[in-house]
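Each residue of the sequence shown is one higher than the one before, counting from 144 in the numbering used here. A virtual CB, placed ideally from N, CA and C, is assigned to each residue, including glycine. Just so it is clear, the structure is predicted and the values come from calculations on it, not from any experiment. First the structure, in the form of C-alpha cells, and then the observations on it.
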Amino acid sequence: MVGAGYVGLVSGACFADFGHEVVCVDKDPAKIESLRAGHIPIFEPGLEETVAANVRAGRLSFSTDLAAAVPQADAVFIAVGTPSRRGDGFADLSHVYAAAREIAASLEGYTVVVTKSTVPVGTGDEVDRIIRETRPGAAFSVVSNPEFLREGAAIEDFKRPDRIVIGAEDQRGAELVAELYRPLYLNAAPVLTMGRRTAELTKYAANAFLALKVTFINEIADLCEQVGANVQEVARGIGLDKRIGGKFLHAGPGYGGSCFPKDTLALTKTAQNAGAPLRLVETVVAVNDQRKVAMARKVIAACGGSVRGRTIGVLGLTFKPNTDDMRDAPSLAIVAALQDAGARIRAFDPEGMENAASVLDGVDYTRDAYECAEGADALVLITEWDSFRALDLERLKAAMAGRIVVDLRNVYRPDEMSRRGFAYVSIGRPD
Ligand code: UGA
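Written as C-alpha cells, this is what we have:
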C-alpha cells in the first residue's frame, strides 16, 4: 500500500484484517516511526484497534522502503494524495506518477498495480505507460479500484460496501483484485468489473451526484425559508420515493471535506477539456462556494444586522462529525467572514481543535460547549456532533450573554428552542 494517508491506512488495515499480508509504505519517516509506535495520525473510529490487532498478528507493517516491499507483492496499491492543483483546480497527479515510476523500478514477477487514489479518467493509461517505459518487458496489469469510504465510517464502508468497482483492461488483473475482496462475497457485495476509464469516471460521478443532491436540498431549504415551508419534511416527502432515496438530503452550511470540493472541481475540468462540459456540476461548485459566505450573512442577520464587537460561540468546526478533518470545512469561510465583520470568536470541537488551530487564527478555543457559550451573544452550530444534540439547554442559556442560536444543521427543534426563550434560527424551517 503506497501512501499511509487516510485511504492507504484504512484500506491497508482492512485488507490485513481480511487475512492478507500488508505493508504500508510512506515517504515520511516520522509518520512511519509514529505508526510503528502505535500512533494513528488521524481520528477515525475503529482504525486504531484494527491497526493494532493486525500489527500484533504480524499481518500489517509499516515501512519507508518501497523498493523492499514491492518485489514480494502480488498487488501494489497507489493510495497517495491527489490534491487540487494550484491555479487550475485540476487534480495534481505528480505523486501518483512518481509512485508509478518507483514501483516500476522494483517490480518482480507478475504484479497488479492498483490505483486507489481518486484519479481523473485516463490516469490508469498513463500509469501503464510510465511502467512500460521504466521497465520494458515487466509483467503487470494496471487496475482502477476506487474507494467509496466516508470519513468517520470508513472501516464500516470498507467492510460492508454497497459495491466494489474494478476497472481493468485484462482479465488476470481484474481477477486478482477481485480475489483480494473475496472475504466480502459473504456479505453479497456486488463486484462490478468494467473498463479502467469507466471505473475512474464512476468514482467522480458518484461524488458529483452526492454533492449535487446536497446542493439541491440546500437550495430548496433557502426557498423554504422564503415561502414558509419546512425542508426536513420536503426531504422526507421526496426521499421516500425510492427513485430519489432519503440519504444526502440534509440541508446544511454546504458540503466540505477532502473529497467533494476537490473532486467536483476536478471533474468539471476533465469535462471541459474533453469538450463535454458538465454544466450542472459547474453550478453545484459555484452554488456551494457562495453558500458558505451566505451562512455568515445569515448569522449576521440573526444578530440584528451587525456582529461588530459581539462574541460568537461556534459549536463544531470539522467538515462533518466523527473526524478531525478541517479540509475545506464550511467553518473556515464562516468564521473568517464573521471575524472580518468584527466578531470575536470562541469555538469548541470534540476532535478538530488541534487541526483548526493551525488554519484559523484569532479564535479562543474552549474545553467544552458550555465554556464556549460563556459570555456569547450568539451561538452558531456548524457541525452536528452527537454530543451537541443532548446539551443541557438551560445551562447553555445561563452561560450565554445573549439568546441567539443559529443552528446550521437543524439539530434542535424550533418549538422547544423558542419555548426555552432562545431566538432560534435554523436552515429551511419556520422559526
Ligand atoms: C465522500 C463520499 O461520501 C464517499 O463515498 C467517498 O468515498 C469520499 O467522499 C471520497 O471521495 O473519498 P466524505 O468526504 O467523508 O465522503 O464525507 P460525506 O459524508 O460524503 O460528506 C461530505 C460533505 O457533505 C460534508 O461536509 C457533509 O456535512 C455534507 N453533507 C452530507 C450534507 O451537508 N448533507 C448531507 O445530507 C450529506
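Residue(s) in a DSSP beta bridge with residue i
{"i": "Tyr508", "result": "Ala490"}
{"i": "Ile309", "result": "Thr336"}
{"i": "Asp550", "result": "Leu524"}
{"i": "Cys167", "result": "Phe205"}
{"i": "Gly456", "result": "Arg489 and Leu522"}
{"i": "Phe220", "result": "Val257"}
{"i": "Ser287", "result": "Thr258 and Gly310"}
{"i": "Ser227", "result": "Ala234"}
{"i": "Ala566", "result": "Ile547"}
{"i": "Val145", "result": "Val168 and Ile221"}
Nearest-angstrom Cβ-Cβ length linking residue i and residue j, presumed shorter than 8 Å
{"i": "Asp208", "j": "Leu319", "result": "With 8 Å as the limit, Asp208 and Leu319 do not qualify as a contact, their Cβ atoms being about 23 Å apart."}
{"i": "Val506", "j": "Val478", "result": "7 Å"}
{"i": "Val150", "j": "Lys302", "result": "So it is not a contact: roughly 15 Å between Cβ atoms."}
{"i": "Ser249", "j": "Ala210", "result": "5 Å"}
{"i": "Ser204", "j": "Val145", "result": "In fact, because the Cβ distance is near 14 Å, the residues do not count as touching under 8 Å."}
{"i": "Ala445", "j": "Ala521", "result": "7 Å"}
{"i": "Arg244", "j": "Ile273", "result": "6 Å"}
{"i": "Gly485", "j": "Val436", "result": "Between Val436 and Gly485 the Cβ distance is about 16 Å, and since that is not below 8 Å, they are no contact."}
{"i": "Phe391", "j": "Lys356", "result": "4 Å"}
{"i": "Val264", "j": "Leu344", "result": "5 Å"}
{"i": "Arg470", "j": "Gly400", "result": "6 Å"}
Burial state of residue i (16 or more Cβ within 10 Å)
{"i": "Ile387", "result": "exposed"}
{"i": "Asp497", "result": "Inspection of the sequence shows that residue 497 is occupied by Glu rather than by Asp. With fewer than 16 Cβ atoms within 10 Å of its Cβ, Glu497 is classed as exposed."}
{"i": "Gly162", "result": "exposed"}
{"i": "Asn553", "result": "buried"}
{"i": "Val286", "result": "buried"}
{"i": "Asn361", "result": "buried"}
{"i": "Val255", "result": "buried"}
{"i": "Ser474", "result": "buried"}
{"i": "Asn197", "result": "buried"}
{"i": "Pro289", "result": "buried"}
{"i": "Tyr398", "result": "buried"}
{"i": "Glu294", "result": "buried"}
{"i": "Ser501", "result": "exposed"}
{"i": "Ser237", "result": "exposed"}
{"i": "Arg339", "result": "buried"}
{"i": "Lys346", "result": "buried"}
Other residues of its chain near residue i: CB distance less than 6 Å, five sequence neighbours each side excluded
{"i": "Met543", "result": "Ala516 and Ala519"}
{"i": "Glu527", "result": "Pro464, Arg552 and Val554"}
{"i": "Val430", "result": "Thr358"}
{"i": "Pro214", "result": "Ser249 and Glu251"}
{"i": "Pro304", "result": "Ala332"}
{"i": "Leu353", "result": "Phe391"}
{"i": "Gly189", "result": "Ile298"}
{"i": "Arg487", "result": "Thr454"}
{"i": "Ala417", "result": "none"}
{"i": "Asp169", "result": "Ala147 and Ile175"}
{"i": "Arg489", "result": "Gly456, Asp507, Thr509 and Cys515"}
Sequence-distant residues of its chain with Cβ nearer than 7 Å to residue i (five each side left out)
{"i": "Glu368", "result": "Gly571"}
{"i": "Phe186", "result": "Thr466, Asp467 and Glu494"}
{"i": "Ile315", "result": "Contrary to the premise, residue 315 reads as Arg rather than Ile in this sequence. The residues are Ser284."}
{"i": "Ala297", "result": "Val153 and Glu187"}
{"i": "Glu164", "result": "Arg202"}
{"i": "Phe531", "result": "Leu458, Gly459, Ala512, Leu524 and Val554"}
{"i": "Ala159", "result": "Val165, Asn197, Arg202 and Leu203"}
Proximal residues to residue i (C-beta, below 8 Å), its chain only, five neighbours per side dropped
{"i": "Leu421", "result": "Ala351, Leu410, Thr411 and Ala414"}
{"i": "Val239", "result": "Ile221, Val223, Thr225, Thr258, Ser260, Val262, Thr266 and Val270"}
{"i": "Ala321", "result": "Ile307, Ile309, Val334 and Thr336"}
{"i": "Arg278", "result": "Ala247, Ala248 and Leu250"}
{"i": "Ser561", "result": "Tyr567 and Asp574"}
{"i": "Arg556", "result": "none"}
{"i": "Ile443", "result": "Ser449, Val450, Leu481 and Ala484"}
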